[in-house]
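Structure record follows, encoded as structure tokens.
Residue numbers (full-length UniProt numbering): 1 to 115.
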């Protein structure tokens, strides 16, 4: 099951292709250190207060969702620790764990927009 799951994870967006990851990180570094300061050199700052409030609320909601689900899964793991691998729920929780970590991985990309 774990090898099938790891194959499933490798097929997810932004995990499958290392070049996409490197391109995003390189673009971020170039924009924050070179392009962004040049574009804003002679301009007033953008007024993004309402956008940032919505953005922060959305990130808080996603992180709350992830935290609640991680806690629920950890509680289940703890409760079933003495025979969990023989349980039929084992496969289901591995998939759910992988999905939650993938969502967390995507959220970290979104958080790059804070800068």
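Glycine residues also receive a C-beta, built at the ideal position from the N, C-alpha and C atoms.
Could you check whether residue j and residue i sit closer than 8 Å to each other, using their CB atoms as the reference points?
i: residue 73; j: residue 96; result: yes
i: residue 102; j: residue 10; result: no
i: residue 59; j: residue 111; result: yes
Which two residues bound the contiguous alpha helix (DSSP H) that contains residue i?
i: residue 57; result: 49 to 79
i: residue 43; result: Here residue 43 belongs to no alpha helix (DSSP H), and DSSP marks it neither H nor E.
i: residue 33; result: Where residue 33 is concerned, there is no enclosing alpha helix (DSSP H), given that its DSSP letter is neither H nor E.
Out of the options, which has the shortest C-alpha to C-alpha gap to residue i?
i: residue 104; options: 33, 70, 75 and 93; result: 70
i: residue 77; options: 50, 93, 48 and 58; result: 93
i: residue 98; options: 66, 112 and 109; result: 66
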